[in-house]
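Number of protein chains: 2
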Amino acid sequence: MSIKFSTSTDNFAVNYNDITVAANRLSSVAHHTPVITSTTVDKLTNCEVFFKCENLQRTGSFKFRGAYNALSQLSETQKQSGVLTYSLGNHAQAIALAGKLLNIPTTIVMPNNAPKVKQSATHGYGAEIIFHDINEISREKLTQKIAQERGSTIIPGYDHPDIIAGQGVTALELIREVGSLDLLLVSCGGGGLLSGCAIAAKKLLPNCSVIGVEPENADDATRSFDSKTLQTVDNPNTIADGARTPSLGKLNFPIVLNYVDDMVTVSESAILRTMYFMWERMKLVIEPTGTLAAAALLEGIVKASDLRVGIIISGGNVDLKEVGELFNRI
Amino acid sequence: MSIKFSTSTDNFAVNYNDITVAANRLSSVAHHTPVITSTTVDKLTNCEVFFKCENLQRTGSFKFRGAYNALSQLSETQKQSGVLTYSLGNHAQAIALAGKLLNIPTTIVMPNNAPKVKQSATHGYGAEIIFHDINEISREKLTQKIAQERGSTIIPGYDHPDIIAGQGVTALELIREVGSLDLLLVSCGGGGLLSGCAIAAKKLLPNCSVIGVEPENADDATRSFDSKTLQTVDNPNTIADGARTPSLGKLNFPIVLNYVDDMVTVSESAILRTMYFMWERMKLVIEPTGTLAAAALLEGIVKASDLRVGIIISGGNVDLKEVGELFNRI
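First to last, the sequence lines map onto chains A and B.
Residues in the first sequence are numbered consecutively from 908, following this note's numbering.
Residues in the second sequence are numbered consecutively from 908, following this note's numbering.
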């Protein structure tokens, strides 16, 4: 008979303890983001809704938590050789700032169609950017090639234990602040935020349902969840650029399968309506991906009544000069 | 020898005690709005800056505090006869919601050039709106005429003790939360927010400088402050629509003279730049008037270094469909 650890969480890349350790690591560096409530939302939904505002996190998204948690644990040799990543935008900014704070050189491989505001912010934090034509070479291959040439460490955007643990601090903070929740809604791209938050939520509140939300046009995680087989999507056409990831991470997928109760999708028009509503009524600048979780509730896709609901607003990096045109589509 | 009360505050329409009583009255009705900090702002200004986010207050501005404080103290007869006010927008919404919560009929005389978003929100809260052509009849005359006809009580936007006391709760909450401040910056239209906040700040922190900020194009309060004589401005051309008031209120003026340390003005382009900066970096939807206090610091009009600075973000009601055009002017 083989010796096995007794806790089921040992099957996964990350456990609850990793998240509490990450929380301590982040406590003096990341913002303890505010939790905001809205009388209007509570009345509309007949629920008590708590919005965890990661759009108010440093670099404008939750990604800073994972990035700092990962980079701060590198060896001195790794730090000196620098860090490399590929990113659609928010992870890039997060790695760039974490690198700056920890004095680690950072290089970002970024698709040439990434929002300009995310490009310039990444550059502003001092990272080197290498643009990548998504039609020419896979970003993984390009990144690996550069990493080999430079001897730098690749820190991917979601498929990494320290990234997942860092993102999980978001739910940990929310629950520590507001107490019991019946439902937690989390946006999902590669599943870093969702898997981390699900581990924290299920440990602290075993009866809290955790539901992941992604765009209809990038529904790979929902299909993966339903079929229990990792599905992919190719350069999906969604306004929610943070969810244009090709699939759940290999480490994230089993965590999502084990800890998440359901996955749902929202349409492009639902994302836009929710974004407008949240800007207008809640006075928060939220990027399309950041509205996914709220859209699931406000658009009635997740049925809820008389519940205490936590919603993660994942980020707020959006090009303000283009937003008037966007809202005039409604 | 005549008998006089010994405290100098008895010369004014409002004292600190009125503000603490208002705070209790509002505690279960108004939002205790969050205080937000920004590493970027702290670095840029070499100060520790605390933003009190009244854009996240109910109805999207601090005005709800004063409106509810005033309406909740009316007699039963007054409540039944209804309340009437004239407003550029935010006070209208505030009166409308306070009336709805307290079951008091409300009527708003509003200029026909008030922002549409403020018109529709006021209507949405259930108030009757009477539009007023600013070139035809003075709003005061029109309001008094209607009040006489209907027997309703006029609650003006700033020139009223209960309004001033309610708005003062904003600074009270900020200081109770963050502790000592060296400087408090407050936007100024009719002076309701500024006078209330100055009373609270000077009582709790006698060494804290209180500075009022208004648009260059609507600089009546600054001229009044400097000349110690009430000055007016006629329908000023400023993007900061909340500061298009004709003068400081008669009750507010002596309070401003006594409790406020200085008044400064900011240009239209400074307002717009600050608004863009705060939306982009702080992820908050803030109306032009709501950025006045921050503009004074960020644009270097108020010189500050190594200080703890409180900034009131007064409101966030802005037409999102027009904001793209606005930001493309920068």
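C-beta atoms are modelled at their ideal positions from N, C-alpha and C, and glycine is treated no differently.
Alpha-carbon to alpha-carbon, residue j and residue i
i, j, result
"Leu1009 of chain B", "Tyr1032 of chain A", "50 Å"
"Phe957 of chain A", "Lys1190 of chain B", "18 Å"
"Ser913 of chain A", "Lys1025 of chain B", "Legend: pLDDT at Ser913 of chain A = 38, less than 50; position of this residue unreliable, value from coordinates given subsequently. Approximately 60 Å between the Cα atoms of the pair."
"Tyr923 of chain B", "Asn1042 of chain B", "39 Å"
"Pro1022 of chain B", "Glu1175 of chain A", "29 Å"
"Lys1109 of chain B", "Ile1178 of chain B", "27 Å"
"Asn1144 of chain A", "Arg1151 of chain A", "8 Å"
"Ile1208 of chain B", "Gly1156 of chain A", "50 Å"
"Glu1232 of chain A", "Arg1046 of chain B", "36 Å"
"Asp1089 of chain A", "Lys1048 of chain A", "42 Å"
"Val1230 of chain B", "Asn1165 of chain A", "44 Å"
"Leu1091 of chain B", "Leu1111 of chain B", "12 Å"
"Ser934 of chain A", "Ala929 of chain B", "36 Å"
"Leu978 of chain B", "Lys1007 of chain B", "10 Å"
"Val1117 of chain B", "Ala1107 of chain B", "10 Å"
"Asp1226 of chain B", "Ile1146 of chain A", "22 Å"
"Asp1069 of chain B", "Leu1158 of chain A", "59 Å"
Neighbourhood of residue i by C-beta distance below 6 Å, restricted to the same chain and skipping five residues each side
i, result
"Ser988 of chain B", "Gly1058 and Ser1059"
"Ala1034 of chain A", "Ala1003, Thr1013 and Ile1015"
"Cys954 of chain A", "Ala1211, Leu1214 and Val1216"
"Ile1071 of chain B", "Val921, Gly1099, Ser1102 and Gly1103"
"Ala1078 of chain B", "Cys1104, Ala1107 and Ala1108"
"Ala1202 of chain B", "Val1173, Ala1177, Ile1178 and Thr1181"
Of the listed residues the options, nearest to residue i (C-alpha basis)
i, options, result
"Ala974 of chain A", "A:Ile1002, A:Ser968 and A:Glu983", "A:Ile1002"
"Gln985 of chain B", "B:Leu995, B:Ser934 and B:Ile1011", "B:Ile1011"
"Gly1149 of chain B", "B:Tyr993, B:Ala1107 and B:Thr927", "B:Tyr993"
"Arg965 of chain B", "A:Glu1206, A:Ala937 and A:Thr947", "A:Thr947"
"Asp1141 of chain B", "B:Ala1147, B:Lys1135 and B:Pro1153", "B:Pro1153"
"Met1170 of chain B", "B:Phe1184, B:Leu1204 and B:Ile1146", "B:Leu1204"
"Lys1135 of chain A", "A:Pro1161, A:Ser1116 and A:Ala1147", "A:Pro1161"
"Ala1105 of chain B", "B:Gly1075, B:Gly1097, B:Ser1131 and B:Val1085", "B:Gly1075"
"Ser968 of chain A", "A:Gln980, A:His998 and A:Asn976", "A:His998"
"Gln980 of chain B", "B:Ser1131, B:Lys970, B:Ala1005 and B:Leu963", "B:Ala1005"
"Thr1029 of chain B", "B:Thr952, B:Phe971, B:Asn1159 and B:Glu1056", "B:Phe971"
"Asn976 of chain B", "B:Ala1200, B:Gly1073 and B:Ser1131", "B:Gly1073"
DSSP bridge partner residues for residue i (one or two, in chain order)
i, result
"Ser968 of chain A", "A:Gly1222"
"Leu1191 of chain B", "A:Leu1191"
"His1039 of chain A", "A:Pro1018"
"Phe1160 of chain A", "Phe1160 of chain A pairs with nothing; no bridge assigned."
"Asp1169 of chain A", "A:Ile1118"
"Leu1091 of chain A", "A:Val1117 and A:Gly1217"
"Tyr993 of chain B", "B:Val1016"
"Ile1061 of chain A", "A:Leu991"
"Phe957 of chain A", "A:Gly1217"
"Val942 of chain B", "B:Lys959"
Contacts around residue i, its chain only, beta-carbon distance under 8 Å, and the 5 residues preceding and following it disregarded
i, result
"Cys960 of chain A", "Thr940, Pro941, Val942, Ile943, Leu1191 and Ile1220"
"Ile1053 of chain B", "Leu991, Thr1014, Val1016, Ile1037 and Ser1059"
"Val1085 of chain A", "Val942, Phe957, Arg1215 and Gly1217"
Residue i: CB within 6 Å of a non-hydrogen atom of the ligand SAM
i, result
"Asn1165 of chain A", "In terms of ligand content, the structure shown is empty, and the ligand SAM therefore cannot be addressed."
Contact set for residue i: own chain, Cβ-Cβ below 7 Å, skip 5 residues either direction
i, result
"Asp1040 of chain A", "Asn1019"
"Thr1172 of chain B", "Glu1121, Pro1122, Glu1123, Asp1126 and Thr1129"
"Leu1101 of chain A", "Val1093, Cys1095, Gly1119, Val1163 and Val1167"
"Met1182 of chain B", "Ile1193, Pro1195 and Thr1198"
"Leu1081 of chain A", "Val942, Phe957, Lys959 and Gly1217"
"Leu995 of chain B", "Pro1018, Ala1021, Asp1148, Gly1149 and Arg1151"
"Ile926 of chain B", "Ala1072, Gly1075, Val1076, Leu1079, Gly1103, Ile1106 and Ala1107"
"Gly1097 of chain A", "Gly1064, Tyr1065, Asp1066, Thr1152, Leu1155, Gly1156 and Asn1159"
Outcome for residue i when other beta-carbon atoms lying within 10 angstroms are tallied against a minimum of 16
i, result
"Asn1224 of chain A", "buried"
"Ser982 of chain B", "exposed"
"Pro1063 of chain A", "buried"
"Arg1083 of chain B", "exposed"
"Asp1133 of chain B", "exposed"
"Ser1087 of chain B", "exposed"
"Pro1113 of chain A", "exposed"
"Asn931 of chain A", "exposed"
"Ile1044 of chain A", "exposed"
"Phe919 of chain B", "buried"
"Asn1235 of chain B", "exposed"
"Thr1139 of chain B", "exposed"
"Lys950 of chain B", "exposed"
"Glu1187 of chain B", "buried"
"Ile1237 of chain B", "exposed"
"Met1185 of chain B", "buried"
"Gln1000 of chain A", "buried"
"Ser1027 of chain A", "exposed"
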